[in-house]
Every structure is written in C-alpha cells, then in structure tokens.
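This report refers to the structure that appears directly beneath it.
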Amino acid sequence: MQRKAQHGTGRAHIHVFGSQPHFSELSYRYPLKLLSPNIPSDKGQVPSAIAYVLSYGGGLVSGDRIDLSVQIEEGAGLVFLTQGSTKVFRFRTLTDRHRLSSIGPTSATATSQHLTASLSAHSLFLLLPDPVTPFESASYTQIQSFTLEPTSSLVLLDWFTSGRMARGEEWVFDRYYSRNEVFVGGKRVARDVMILEQPQSEAGDQAGLPRRTLKDRLAPYACYATLFLIGPRTKDIIISLQAAYNLISQRQRAEPENLIWSLSPLTDPTIGACVRVAATETEMVKSWLKSRLEALGNVVGEDIYNKAFV
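Counting in our numbering, the sequence shown runs from 1082 upward without gaps.
Here it is as structure tokens:
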C-alpha cells in the first residue's frame, strides 16, 4: 500500500573550514532524507562532500512535493547523488490526469521536485542523480534553478528512463515536465524545458492524422539525458568532448545507433556547453557519462567521484 502524499523539504549549506568541507546545515523533512557519508576530501582540487538525496519508500507518490535549497560557500564543493533511480508512482485518478494538462506544469496531485542552488565564488556543485523512472500513468514535474558566480562551476545531469521495462512498461507514463535555469553573474545563460505528454484528445484522429504516443516519438531509445557543463572546472571536459564530437560528426550513419549524443555550446561558449545523450539501454548512458566525466575525479577526489554512476 502506498503512503499518503507529503510535502518534503530539505536544505544543504556547506562551507570550507580549514581545508575540509563542513555542513553548516543538512536538514530535511519527511518524505525527503539527506545523508552525508564521511569520505576523505583531501585528494581533490576542491574540498567536497557528498549528500545523498533519498525518499522514504523508495519513490515519490502522487501529490508528493519536494523542495530543496542548496547554498555552497566560497571554495567548497558539493556532490548530490541518489541511491537508485527516482521512482515516480502512478497518478491517482483519471480525473486528476485530465486536470493536470489543463492547468500547466504543476497541480495539487502532481508529483513534483523543486531545487534552488546558490554557488559562491570558486565553488562547485555536481548534481549527478540516478535517472527518474516514471511508472505507468505517472505525472512528474521538476523545476531547478542555479545561481552562480563567474568563477563557480556546475555539472548538472537531468535524465529519465522509459519506465519499468521489466514489467512491460515502456513510455506509458502520462507526463514528464522538467525545467532547468542557470544564471551566472546575474545573467541567465541557460534555460532548458522538456515536456513529454501522452496525447490527451482525439484531435489527431479528427484531422486525419494518426495519434503519436510517447513511444512512437521516443523509441527505440529507453533513456535520455541532458548534461550542462558550466564554469572553469568543466573546461577540460568540454574540450575533450568537442574533440570527440568533431570526429563522430564527420561520419555517415546508415541506421540509428544504440547510443547517440550531441554537444552544443551555450550562447556564450566561454561559459559552458550542453550535452544530450540517448541510448537503447540506461546502462549505456550511465557508462558513457562515467567515462566522459572521469576528469571530475581530479576535481573532487577519486573516492568521491567513484560513488557516482554505480
């Protein structure tokens, strides 16, 4: 039996004391849970700590709302991880599902997560969760906002899967809405919105066109990822990705590949870039990300980086 919907809140405030990262605050309210393991942080360029973002019961039920606030002080690093995919359970009633599409990205019964993060000078935030996995008929909203200084750095991973394929669920969730905004020095440098929704009416049939489900549009791929690399700590990774992308861009493809990816600079390419990845299996995306981001091990320390993408 699923638990009742809850409004969970959390706050992480981290600073550097001496040469070590310390949490001034790491608080949470049910159904959210924040845990920080004690891992040595003296092997990286930036004194960094891990915080695991967890939910009781292993997922989010219809109506859950999670609000997270992150503040990273000068010179500190924070790595946000999860333990397994974020499961989003199905929407409660048919009436609620129809009501959602008529009122926008959120509703009283939508499952939602909101994150705001503020990064001081020379700080670092790695947001590297496992993917979101929406179950059949689930509806999920995620809104994230990041405020950086010109010398701070952000690695933002936002990804999702087609559902519980082992149970025959493939692109059968109702709705997935994700919005990411990044500000550097008071200027917005990136705004990315992803809206995936099953057809809600017979409009396509009436026009003589076939109705295209999410599976029609997104298959054969089972996992999609968006990765933002912003700030000075990401420049070496971007240079490496650009060299690799130049090579694959010159190749002719006769048929779809099992994994595809693209690299696009932001409007100001000196600030960062956006990477998009899709693959027929989630593990392919995970392996690709772990390999391409391995230089982060030098930044936060190998012991910390090895906790990501496990």
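Using N, Cα and C, we set each Cβ at its ideal position, and we do this for glycine too.
Straight-line gap, E1230 to G1266 (C-alpha atoms, nearest Å)
5 Å
Output the distance between the C-alpha atoms of P1118 and K1388, rounded to the nearest integer angstrom.
11 Å
Going by DSSP in three states, Y1302 sits in which element: helix, strand or coil?
coil
Determine which residues share a DSSP beta bridge with T1197 and list them.
S1150, S1226
Three-state secondary structure (DSSP) at P1186?
Any reading at P1186 is ruled out, since the residue's pLDDT is 49, under 50, leaving its predicted position unreliable.
Could you tell me which residues DSSP pairs with D1060 in its beta bridges?
Lying outside 1082 to 1391, the shown extent of the chain, residue 1060 is not represented and no answer is given.
With burial defined as no fewer than 16 other Cβ atoms inside 10 Å of the residue's Cβ, what is the status of I1329: buried or exposed?
exposed
Limits of the beta strand (DSSP E) - the one that W1240 falls within:
1234-1242
Taking Y1326 as part of the alpha helix (DSSP H), name the residues at either end of that continuous run.
1316-1330
L1196 beta carbon less than 8 Å from that of S1243
no
How many Å lie between L1308 and Y1133 at the Cα?
19 Å
Count the CB pairs spanning the region 1347-1362 and the region 1094-1111 that are closer than 8 Å, and state whether there are at least three.
no
With a cut-off of 8 Å, do at least 3 Cβ pairs link the region 1150-1168 to the region 1196-1212?
yes
Collapsed DSSP secondary structure at G1138 in the structure displayed:
helix
Can you give me the C-alpha to C-alpha distance between M1365 and L1340, rounded to a whole angstrom?
7 Å
Specify whether the region 1220-1237 and the region 1254-1271 touch according to this definition: at least 3 beta carbon pairs, one from each stretch, less than 8 Å apart.
yes
Which of helix, strand or coil does DSSP assign to A1360?
strand
So, at 7 Å on beta carbons, what are the nonlocal neighbours of S1234 in its own chain, with the 5 sequence-adjacent residues on each side left out?
L1205, I1311, G1312, P1313, R1314, T1315
How would you label T1348, buried or exposed, when you count the other beta carbons within 10 angstroms and need 16 or more for buried?
exposed
Pick helix, strand or coil for I1311, following the three-state DSSP scheme.
strand
Measure the Cβ-Cβ separation of S1445 and D1211 and say whether it is below 8 Å.
Any question about residue 1445 goes unanswered here, given that the chain covers just 1082 to 1391.
Measure the Cβ-Cβ separation of Y1109 and G1140 and say whether it is below 8 Å.
no
Using the Cα positions of R1180 and V1274, report the straight-line distance between them to the nearest angstrom.
In this prediction, R1180 has a pLDDT of 46, which is less than 50 and means its spatial position is unreliable; what the coordinates show is noted afterwards. Their backbone Cα atoms lie some 21 Å apart in a straight line.
Would you mind listing the beta strand (DSSP E) stretches within the region 1340-1387 that are 3+ residues and don't spill past its ends, in chain order?
1340-1346, 1353-1360
Alpha carbons only, please: which of G1353, A1247, E1338, L1162 is nearest the one belonging to R1269?
G1353
So who's on the other strand from S1108, going by DSSP bridges?
R1092
For W1342 and T1214, the rounded distance between their alpha carbons
20 Å
I1131 - partner residues in DSSP beta bridges
V1160
Simplified DSSP state of R1171, which is helix, strand or coil:
coil
Comparing C-alpha positions only, which one of A1202, P1350, W1240 sits nearest to H1096?
A1202
8 Å Cβ cutoff met for S1218 and A1191
no
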